[in-house]
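Colleague: Here it is, the structure, as structure tokens.
Numbering (this note's numbering), first residue to last: 196 to 574.
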């Protein structure tokens, strides 16, 4: 491993990209500690403890602790992901977006621009919902003093909060794009990852504190570590799992030479979509609670409560169904079986027992449906 790191750092271009990426990730972490104007940081930290096991706690995980502190990056990158999901869904059903997808680079630029506009709209709605939520928080006792999260005499808080949060989301979106273009790539995924990784030191200290206070034994910690290793092992196993579709190429005589005749296979992955369905589904799950929070009616409050309880039945049922649906959706986008069948037909290849063309495409669709189901359930 050390030798590989040494080889990586010996390449000037790669070293520059890694340095650029690390610099932007540091900026992301710094922004996660700058509170929105008007927020009492001590009061909100105390008030947020009761929401640690709700959807707000999960949102805080994706934002790297920024949501709990009501910082400029409290919304994180999730509004951008939500907008991307909506645009991708429209690319399946709306002819205008289908045309853009076929226009090459110009179409991609237009889709990116529309995605950014969607990000501003979604983040504005979520920011307003958060500002209302922050104002509604009760006073809490910090030390021996009774403090408010947002002082009553702070006029214009909602406007300032919305502008601050939306600006923070746009800036973090831009940082992600810069990492993708000028860094080591996958900027959005890296921003999500660094937010989760940033909580590891605090989690380790929490576990040590539980052991010291005799609330959890060392044996329990060993069992938990073992469970973690097993889960990671299963994730790797499923990620690398493939179904091999045999392919035979017909013999062709060109001049005095014979081409083809060899056998190979098409590797169809069990989990083609990777972790994207979970991210997609999670982004959608944030929306009902945020929208319902804009209204004070009993029905809206009931919906907000149901979709805020991450251990609740309805939340987990809808979440699981969304993961399965998005797994099939993302697999259908990334594995064009029609194109694979056409390429096989043009190159003289065929699946034994299956006619080239339409039947091959239908057979590949059937296989993908069969192996995607266990993959989606595993996710």
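All C-beta atoms in this analysis are idealised placements derived from N, C-alpha and C, irrespective of residue type, glycine included.
#1: Alpha carbon to alpha carbon, what distance is there between residue 300 and residue 291?
#2: For residue 425, which of helix, strand or coil comes out of DSSP?
#3: Would you mind sorting residue 308 into buried or exposed? The rule is 16 or more other CB atoms within 10 Å of its CB.
#4: When you compare only the Cα positions, how much space is there between residue 137 and residue 498?
#5: Measure the alpha-carbon distance for residue 561 versus residue 426 and round it to whole angstroms.
#6: In whole angstroms, what separates the C-alpha of residue 481 from that of residue 513?
#7: Can you tell me which of 440, 276 and 341 puts its alpha carbon nearest to the alpha carbon of residue 381?
#8: Measuring straight from C-alpha to C-alpha, what distance separates residue 331 and residue 533?
#9: Assign residue 364 to buried or exposed, taking buried as 16 or more other Cβ atoms, counted over all protein chains shown, within 10 Å of its Cβ.
#10: Please report the Cβ distance between residue 474 and residue 223, rounded to the nearest whole angstrom; I am assuming they are in contact, meaning their Cβ atoms lie under 8 angstroms.
#11: Applying the 10 Å Cβ sphere with the 16-neighbour rule, what's the burial state of residue 464?
#12: Going by C-alpha to C-alpha distance, which of 506, 279, 236 and 458 sits closest to residue 314?
#13: Residues in its own chain within less than 6 angstroms of residue 540 by CB, not counting five upstream and five downstream?
#14: Evaluate the contact criterion for the stretch 403 to 419 versus the stretch 499 to 506: three or more CB pairs, one atom per stretch, below 8 angstroms.
#15: Which residue's Cα is closest to the Cα of residue 266: 236, 244 and 287?
#16: Measure the C-alpha to C-alpha separation of residue 440 and residue 428 and round it to an integer number of angstroms.
#17: Beta carbon of residue 444, beta carbon of residue 457: below 8 angstroms?
#18: With a threshold of 16 other CB atoms inside 10 Å of the CB of residue 287, please say whether the residue is buried or exposed.
#19: For residue 268, does the three-state DSSP call read helix, strand or coil?
#20: Is residue 340 helix, strand or coil by DSSP?
#21: Determine, using beta carbons only, whether residue 361 and residue 319 come nearer to each other than 8 angstroms.
#22: Would residue 413 be called buried (16 or more neighbouring beta carbons within 10 Å of its own) or exposed?
Modeller: Let me lay it out:
#1: 16 angstroms
#2: helix
#3: exposed
#4: Not covered by the structure: residue 137. The range shown for the chain is 196 to 574.
#5: Cα to Cα, the separation comes out at about 29 angstroms.
#6: 12 angstroms
#7: 276
#8: 53 angstroms
#9: buried
#10: Going by Cβ atoms, the distance from residue 474 to residue 223 rounds to 17 angstroms, so no, they are not a contact pair.
#11: Burial of residue 464 is indicated by the presence of at least 16 other C-beta atoms within 10 angstroms of its C-beta.
#12: 279
#13: 551 and 552
#14: At 8 angstroms Cβ cutoff, the stretches do not touch.
#15: 236
#16: Whole-angstrom Cα-Cα distance: 25 angstroms.
#17: Here residue 444 is near residue 457, since their CB atoms are less than 8 angstroms apart.
#18: Under this definition residue 287 is an exposed residue.
#19: Per DSSP, reduced to three states, the secondary structure at residue 268 is coil, with no helix or strand assignment.
#20: strand
#21: Result yes, Cβ atoms of residue 361 and residue 319 sit closer than 8 angstroms.
#22: exposed
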